[in-house]
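Structure, as structure tokens:
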Amino acid sequence: MSVPNTARRLTALATAAGLTLALLMPAGPAFADAGFRQWVSGFRGTAVAGGVSGAVYDQALRGIEPDPVVLEKARTQPEFTAPAWDYFDNRVHDQSVADGQAMAKKWKSWLDRIEARFGVDRNILLAIWSMESNYGEILKRDDIMRNVIRSLSTLAYGDAKRSKYARAQLIAALKILQTGDIDESHLMGSWAGAMGQTQFIPTSYQRYAVDMDGNGRRDIWNSIPDALATSANLLKKNGWQAGKTWGYEVTIPAGKLPGGAKTIAQWQALGVARASGKPFKNLTDRATLKVPDGRGGPAFLMIRNFAVIKAYNNADKYALAVGLLADEIAGGTGLVQDWQRPFTKLSFEERQELQKRLSEHGYYEGKFDGKIGDGSKAAIMAYQAKAGLTQDGYPSMEVLKWLRKQ
Numbered sequence: 001m002s003v004p005n006t007a008r009r010l011t012a013l014a015t016a017a018g019l020t021l022a023l024l025m026p027a028g029p030a031f032a033d034a035g036f037r038q039w040v041s042g043f044r045g046t047a048v049a050g051g052v053s054g055a056v057y058d059q060a061l062r063g064i065e066p067d068p069v070v071l072e073k074a075r076t077q078p079e080f081t082a083p084a085w086d087y088f089d090n091r092v093h094d095q096s097v098a099d100g101q102a103m104a105k106k107w108k109s110w111l112d113r114i115e116a117r118f119g120v121d122r123n124i125l126l127a128i129w130s131m132e133s134n135y136g137e138i139l140k141r142d143d144i145m146r147n148v149i150r151s152l153s154t155l156a157y158g159d160a161k162r163s164k165y166a167r168a169q170l171i172a173a174l175k176i177l178q179t180g181d182i183d184e185s186h187l188m189g190s191w192a193g194a195m196g197q198t199q200f201i202p203t204s205y206q207r208y209a210v211d212m213d214g215n216g217r218r219d220i221w222n223s224i225p226d227a228l229a230t231s232a233n234l235l236k237k238n239g240w241q242a243g244k245t246w247g248y249e250v251t252i253p254a255g256k257l258p259g260g261a262k263t264i265a266q267w268q269a270l271g272v273a274r275a276s277g278k279p280f281k282n283l284t285d286r287a288t289l290k291v292p293d294g295r296g297g298p299a300f301l302m303i304r305n306f307a308v309i310k311a312y313n314n315a316d317k318y319a320l321a322v323g324l325l326a327d328e329i330a331g332g333t334g335l336v337q338d339w340q341r342p343f344t345k346l347s348f349e350e351r352q353e354l355q356k357r358l359s360e361h362g363y364y365e366g367k368f369d370g371k372i373g374d375g376s377k378a379a380i381m382a383y384q385a386k387a388g389l390t391q392d393g394y395p396s397m398e399v400l401k402w403l404r405k406q
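Read in order, the letters of the sequence shown correspond to residues 1 to 406 in the UniProt record's numbering.
Printed below as a string of structure tokens:
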């Protein structure tokens, strides 16, 4: 489960406390941080008082050292807001849809059982799995996955912004070890402690984890049934309405519309209609109108299940991406009104081609994953500067055509 972004940099706080420099020193005898060792010793009492056995604590934190990569990531989280098209293009695309449909077939028998037990739409679960770990592919990457106990200890000791969060999560993670659901060597997660196929932080794991496959362990790392059922349990317990959608793409009339929640019948009376031309399913549902890309982009009526998805990650863009991806996995045709891009959109394969060609020309060193992050944007801008083009960093057909000429 995604961790809320608290990304205002407070490097001065860490420096004042004498922590950042100590934690980023090279490994070796000089790196034996006496302050960290003292913190580990002192926190033992807190963990034991919180329900962790002393034996589990001692075993999990034996010989542990701070993880400098975790502190660096904590200090350098992005502070900008991506435009709507940038966020959605990296998450809702032909490859994520095709992979989701393949997973729907592969795991159909389990999805049948999970849907019957929890009442949550299977396509929503598949979309969350895609958003959180790219259907588990992220868990295979050693450059991303880290030891959860070490990560949370590092944040608890060395990150003033996240220390309260990390201490609570560390105790929860130790309790996971204590139950035997996973062993220490496999308790892996993101730098901030989000774990498993569907990225649950330890406290949320404790609250919602499910042993769906019945093997006696709630294993969201290796058991796809457990991971998807755990996500379904979270949504159900937060009020998911079975048999209902998350919302609708709509068209809106000219002129100002009132805010707040109204029944779909009331929105319809104001001139709001489904963009697909199909009728709404339930006119008594209450819905809120959202236009995340302004009036020139797509508009949506969001009903109750949209807010429930936000229990997973409290961001409108996240919940909307889950909903849109789920609809396409289910066989939908995508948006009627596209996002307002200032360039011609590339397909997923063309984005991979763009990265490959940038790499061949010496501008890009990352993976050819079709996801346009900071590295891809910097490479595009460098190429645009060399070619005499406007340096906007957009993954456009215009740039790809220039590269194909080279």
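Heads up, the beta-carbon is just placed ideally off N, CA and C, and yes, glycines get one too.
Taking the Cβ atom as the reference point for each residue, do Asp67 and Thr154 lie within a distance shorter than 8 Å?
yes
Please go through the same chain and pick out, in chain order, the residues whose beta-carbon is closer than 6 Å to the beta-carbon of Arg341, but skip the five residues on each side of it.
Trp85
Residue 425 bridges to which residues according to DSSP?
Outside the displayed range of the chain (1 to 406) lies residue 425, so it cannot be described from this structure.
Beta strand (DSSP E) containing Gly247: first to last residue?
Gly247 to Thr251
Would Arg217 pass as a contact of Val210 if the rule is Cβ separation under 8 Å?
no
Taking 6 Å as the limit between beta carbons, can you name the residues of its chain near Gly296, skipping five residues before and five after?
Gln340
If you reduce the DSSP assignment to three classes, tell me which class Phe200 lands in.
strand
For Ala194, which of helix, strand or coil comes out of DSSP?
Judged by DSSP in its simplified three-state form, Ala194 adopts coil rather than helix or strand.
DSSP three-state call for Asn305: helix, strand or coil?
helix
Below 8 Å, how does it come out for the segment 85 to 103 and the segment 340 to 358: are there three or more Cβ pairs, yes or no?
yes
Under 6 Å Cβ to Cβ from Gly375, same chain only, skipping five residues before and after it: list those, please.
Gly366
Using a Cβ-Cβ cutoff of less than 8 Å, which residues in the same chain neighbour Gln337 once the five nearest sequence positions on both sides are dropped?
Closer than 8 Å at the Cβ level, and outside the excluded window around Gln337, lie Glu249, Thr251, Ala275, Gly297, Pro298 and Ala299.
From this set, Asp392, Gly388 and Ala387, which residue's C-alpha is nearest Lys377's C-alpha?
Distance check between Lys377 and each of Asp392, Gly388 and Ala387 places Asp392 closest, using alpha-carbon atoms only.
Using DSSP with H/G/I as helix, E/B as strand and the rest coil, what is Pro26?
Summary for Pro26: the model assigns pLDDT 39, below 50, so the residue's position carries little reliability; its value from the coordinates is reported in the next sentence. In the structure shown, Pro26 sits in coil (DSSP, three-state: anything other than H, G, I, E or B).
Looking at C-beta atoms only, is the number of pairs between the segment 159 to 169 and the segment 279 to 291 that lie closer than 8 Å three or more?
Fewer than three beta-carbon pairs drawn from the segment 159 to 169 and the segment 279 to 291 are found closer than 8 Å, and the two stretches are therefore not classed as touching.
Examine the Cβ distances between the segment 145 to 154 and the segment 252 to 265 and report whether three or more of them are shorter than 8 Å.
no
Could you check the C-alpha separation between Ala168 and Tyr205 for me, to the nearest Å?
13 Å
With Trp107 as the anchor, note down where its alpha helix (DSSP H) starts and where it stops.
No alpha helix (DSSP H) holds Trp107; DSSP gives it neither H nor E.
Give the range of the alpha helix (DSSP H) segment to which residue 440 is assigned.
Shown here, the chain extends from 1 to 406; a query on residue 440 therefore has no answer.
For Arg122, name the three-state secondary structure that DSSP assigns.
helix
Taking its Cβ as the centre, do 16 or more other Cβ atoms sit within 10 Å of Gln384, making it buried, or is it exposed?
By the 10 Å Cβ count, Gln384 comes out buried.
Can you give me the start and stop residues for the alpha helix (DSSP H) that Tyr165 sits inside?
Here the alpha helix (DSSP H) through Tyr165 covers Ser163 to Thr179.
Please report the distance separating the alpha-carbon of Arg113 from that of Gly331.
21 Å
Do Asn123 and Ile329 count as a contact pair if the criterion is CB distance below 8 Å?
yes
Ignore the nearest five residues each way along the sequence and tell me which others in Asp316's own chain have a CB closer than 7 Å to its CB.
Cβ neighbours of Asp316 beyond the five flanking positions: Lys290 and Pro292.
Quick one: what does DSSP say Asp273 is sitting in, helix, strand or coil?
Note that residue 273 corresponds to Ala in the displayed sequence, not to Asp. In the structure shown, Ala273 sits in a strand (DSSP, three-state: E or B).
On the premise that Val92 lies in contact with Leu324, defined as a C-beta separation below 8 Å, what is that separation, rounded to the nearest angstrom?
5 Å between Cβ atoms; contact.
Counting along the chain, where does the alpha helix (DSSP H) carrying Ala379 start and finish?
Asp374 to Ala387
If we ignore side chains and look at the alpha-carbon of each, how far apart do Pro395 and Gln197 end up?
29 Å
Report the three-state DSSP secondary structure of Thr230 (helix, strand or coil).
Correct three-state label for Thr230: helix.
Under 8 Å Cβ to Cβ from Leu344, same chain only, skipping five residues before and after it: list those, please.
The amino acid occupying residue 344 in the given sequence is Thr; Leu does not appear at that position. So the qualifying residues of the chain are Ser396, Met397 and Glu398.
Taking the straight line between their C-alpha atoms, what separation do you get for Asp226 and Pro202?
15 Å
Under the rule that 16 or more other beta-carbon atoms within 10 Å means buried, what is Gly294, buried or exposed?
With fewer than 16 other Cβ atoms within 10 Å, it is exposed.
Taking 8 Å as the cut-off, decide whether the C-beta atoms of Ala319 and Phe306 are in contact.
By the CB criterion at 8 Å, Ala319 and Phe306 fall inside the cutoff.
Are there 16 or more other CB atoms within 10 angstroms of the CB of Lys175, so buried, or fewer, so exposed?
Lys175 comes out buried.
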